[in-house]
Each structure stands twice: as structure tokens, then as C-alpha cells.
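Those letters in the sequence shown? Residues 1373 to 1584, by this note's numbering. For every residue, glycine included, the Cβ atom is placed at its ideal position computed from N, Cα and C. Inspection log for the structure reproduced underneath, given as C-alpha cells.
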Amino acid sequence: MAADSDKSEARALPTADELAQALKVEVYDNKGKSTPLGDLAKGQRTALIFIRHFWCTNCKVFVRRLSEAVPPSDLPANTRVLVIGCGSYQPIDDWATAASSKYPVYTDPSNKLYTLFKFKSNLSQGDGSEPRDYMRDAGGAVARWFSGITAALGSLQNLPYVGPKSQNGGEVILSAEGECEFISRMQTTVDHTNVSELATLLGASKHDTAGQ
1373 MAADSDKSEA RALPTADELA QALKVEVYDN KGKSTPLGDL AKGQRTALIF
1423 IRHFWCTNCK VFVRRLSEAV PPSDLPANTR VLVIGCGSYQ PIDDWATAAS
1473 SKYPVYTDPS NKLYTLFKFK SNLSQGDGSE PRDYMRDAGG AVARWFSGIT
1523 AALGSLQNLP YVGPKSQNGG EVILSAEGEC EFISRMQTTV DHTNVSELAT
1573 LLGASKHDTA GQ
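Below, the structure written as C-alpha cells:
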């Protein structure tokens, strides 16, 4: 019963007030320019991919797989994907390159969006009973940890800016009218929505499931 309750809470839509507040939150691009989230999503169906800290290997794998499976050219008209982090803007360029992101990347250093959308904070890796498709061929936990450490050592200048290590993210899909159609809150550090499910939700014209 507890597991069912967790799943229900993970996908419970935000209230109208929470969403209205979220759309007013300023997010920052790679140059440090701020824009209200609502302005970025206005008039377009928008998928918001909330990642963990900028050194999280799991999130890099997720965005890389999603970019490969659902590039912007395969999205329906008037549909876009945005990636949002929880640190400062300084690591964005390095992160986008490392993740091979084909989507614009922004960040919410205030963490207000993560709070309003009720994203969890923990370092749990789960029990592995429901492995995500994007984690196939990503290596074991130790290998991913080592990869994260290696990446961190190569960008120590970003240490103050990567964001809270225990903050998890999730996915939010907003309609062109600004209503929330879908939300999934990560329950663990490896709990982004399956790429195959997200591709279907986005109405991608095609998506490569090889290796998913």
C-alpha cells in the first residue's frame, strides 16, 4: 500500500495556485540572463526536465538518451523540451556538452520550482525493482559514481554552483494554455520517467528505442 501511495503522490498534479506561482519563477540561461518560466513556456506545449545537481551522472545519461530518442526535429509542431537545473548558471555549458543535450538548458538557483512542484530530496538509489529504460548500458552504481567524480575533478571551478546533491527532480508537461498535463517526481536518484513513455506523451513522430 505504501508503494501505491508513493506512486500516486509522484504523479499528483500541482494545484492551480502552485502552478501559477511556478510560472512566475525566474530561471537563468547559460549567460545568467533571467526569464520567468511562464514566458519560456507561453503559447507552446512544453516539457520541463528537472535534473538533479550538475554533476549527476544519472541525469546526464537520461538527457543524452532522450536527446537521441526524441530530437527536437521529431517533436510535434508547437512543442518543445527545456532542461532545468537547481544550481547556478555557470556550469550550464559544460553540463550541456557532457550530456549531449539537444534542448535548451536553464537553471533555478532559488530552488523555488523544486519546492513548488514538491520534488523530493534524498540520495536513495532504490531497490532496482523497476529499472528505467535510460539506465540500460549506463553501468553499475560504482562505475557511475566514479564517472561523476572524474567529471567533477575536471570542472572544480563549478563546485560552488552545481546545486544541492540530494535534490531530485522530475518531469512536467505544460499545455500551450499553461495547464499542467503531467508530472512525475523522482522518488530516487535514478527515477526519471522512462524515455519511451515520455516520447509517447510528447507525441514524438518517431523515437529510437534501440538500447532503451
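Determine whether the beta carbon atoms of residue i and residue j lie at a separation below 8 Å.
| i | j | result |
| --- | --- | --- |
| S1493 | Q1539 | yes |
| C1552 | L1412 | no |
| P1532 | C1458 | no |
| S1380 | R1436 | no |
| T1479 | I1464 | yes |
| N1402 | Y1461 | yes |
| S1556 | A1382 | yes |
| M1507 | V1433 | yes |
| L1495 | T1565 | no |
| T1407 | E1398 | yes |
| F1489 | A1394 | yes |
Answer with buried or exposed for residue i, where buried requires no fewer than 16 other C-beta atoms within 10 angstroms of its C-beta.
| i | result |
| --- | --- |
| D1389 | exposed |
| D1499 | exposed |
| N1450 | exposed |
| E1543 | buried |
| D1563 | buried |
| L1570 | buried |
Straight-line CA distance for residue i to residue j?
| i | j | result |
| --- | --- | --- |
| T1418 | H1425 | 22 Å |
| A1576 | P1448 | 6 Å |
| S1439 | P1481 | 24 Å |
| I1456 | D1378 | 24 Å |
| A1515 | Q1497 | Unreliable positioning characterises A1515 in this predicted model, as indicated by a pLDDT of 49, which lies under 50. The coordinate reading is nonetheless provided below. Looking at the two C-alpha atoms, the distance is approximately 14 Å. |
| A1415 | F1422 | Residue identity check: residue 1415 is Gly in the sequence provided, not Ala. Between G1415 and F1422, the C-alpha separation is close to 20 Å. |
| N1430 | K1405 | 27 Å |
| G1541 | V1477 | 14 Å |
| A1548 | W1467 | 28 Å |
| L1485 | L1573 | 22 Å |
| G1550 | N1483 | 21 Å |
| L1420 | S1445 | 17 Å |
| L1391 | V1453 | 18 Å |
| G1410 | K1474 | 21 Å |
Using a Cβ-Cβ distance cut-off of 8 Å, determine whether residue i contacts chain B.
| i | result |
| --- | --- |
| W1467 | Here there is only one protein chain, and chain B is not present. |
Tell me, please, which residues DSSP counts as bridged to residue i.
| i | result |
| --- | --- |
| E1543 | I1421 and S1556 |
| Y1478 | I1456 |
| V1399 | T1407 |
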